[in-house]
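Residue numbers (full-length UniProt numbering): 1 to 199.
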């Protein structure tokens with residue numbers, strides 16, 4: 001029963017991880033800091049100077065410290081190519097794997113060629129309360145056999161292999177006493193060679 005439940009849960013997670021949300025445009029306010037420029041802000045928020053000027057009704061390129069500017073935070077879309085990984089996509093787009101997963105509602109880091117991954121805007125933050133709520137909702141929906149005794153929720157979702165019985169150690173045979181070695185006979189001295197007579 002547990003294997004069936006885990007298999008069904010795994011299959012449903014894999015199916016939902018392929019779907020990417022439709023990216024919508026949003027805007028946020030940015031307060032101009034010392035040394036900020038329209039060009040720098042445009043680059044940071046992946047837009048153009050002209051779009052920033054148009055959105056904020058600016059006549060010139062001059063901005064002031066403390067000024068509040070509206071910027072579009074439209075996410076871009078990345079189409080997965082062979083060799084891509086969420087880590088690689090995150091590094092390329094100056095974000096994190098966790099943000100990519102949360103923004104795209106991915107349950108794992110497995111991605112597929114031609115899959116569309118929406119890259120979150122620079123100011124995107126992960127809503128941790130939604131992630132915790134979603135995890136607790138799925139834990140409550142998991143059917144459990146009635147005859148099981150209640151356990152800790154973390155234990156219910158753990159997959160534990162059955163322990164194999166440990167073989168008892170065989171008794172060690174005592175070693176037989178080693179016979180004493182006989183003394184080695186001394187070798188006879190080698191006879192010296194006689195000198196060869198000259199002719």
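By construction, the Cβ of each residue, glycine as well, lies at the ideal position given by its N, Cα and C atoms.
From a predicted model like this one, the values you see are computed outputs, not experimental measurements.
Please state if the CB of residue j and the CB of residue i are separated by a distance shorter than 8 Å.
i, j, result
"residue 110", "residue 117", "no"
"residue 97", "residue 87", "yes"
Taking the alpha carbon of residue i as the reference point, which residue from the options has its own alpha carbon closest?
i, options, result
"residue 61", "71, 50 and 70", "50"
"residue 63", "42, 105 and 102", "42"
"residue 115", "53, 98 and 89", "89"
"residue 119", "98, 107 and 78", "78"
"residue 83", "91, 113 and 46", "113"
"residue 93", "59, 68 and 46", "46"
Excluding the 5 residues flanking residue i on each side, which residues of the same chain have their C-beta closer than 7 Å to its C-beta?
i, result
"residue 70", "27, 29, 55 and 56"
"residue 33", "65"
"residue 48", "42"
"residue 22", "Legend: pLDDT at residue 22 = 42, less than 50; position of this residue unreliable, value from coordinates given subsequently. Cβ within range, chain order: n/a, list empty."
Classify residue i: buried if its beta carbon has 16 or more other beta carbons within 10 angstroms, exposed otherwise.
i, result
"residue 146", "Because residue 146 sits at a pLDDT of 49, beneath the cut-off of 50, its placement in the model cannot be relied upon, and the following sentence gives the value as read from the coordinates. Looking at its Cβ environment, which holds fewer than 16 other Cβ atoms inside 10 Å, residue 146 is exposed."
"residue 101", "buried"
"residue 31", "exposed"
"residue 95", "buried"
Excluding the 5 residues preceding and the 5 following residue i in the sequence, name in chain order all residues of the same chain whose CB lies nearer than 8 Å to its CB.
i, result
"residue 19", "Residue confidence for residue 19 is low, a pLDDT of 41 falling below 50, so the modelled location carries little weight; the figure read from the coordinates is stated next. Taken in chain order, the residues that qualify are 105."
"residue 196", "none"
"residue 85", "109 and 111"
"residue 127", "102"
"residue 44", "122"
"residue 67", "31 and 32"
For the ligand ZN, I want to know if residue i counts as a neighbour, meaning its beta carbon is within less than 7 Å of at least one of the ligand's heavy atoms.
i, result
"residue 79", "The ligand ZN is not among the ligands present in this structure, which contains no ligands whatsoever."
Excluding the five sequence neighbours on either side, which residues of its own chain have a C-beta within less than 6 Å of the C-beta of residue i, listed in chain order?
i, result
"residue 58", "none"
"residue 52", "38 and 42"
"residue 158", "Interpretation of residue 158 is limited by its pLDDT of 44, a score under 50 that renders its predicted location unreliable; no figure is taken from the coordinates."
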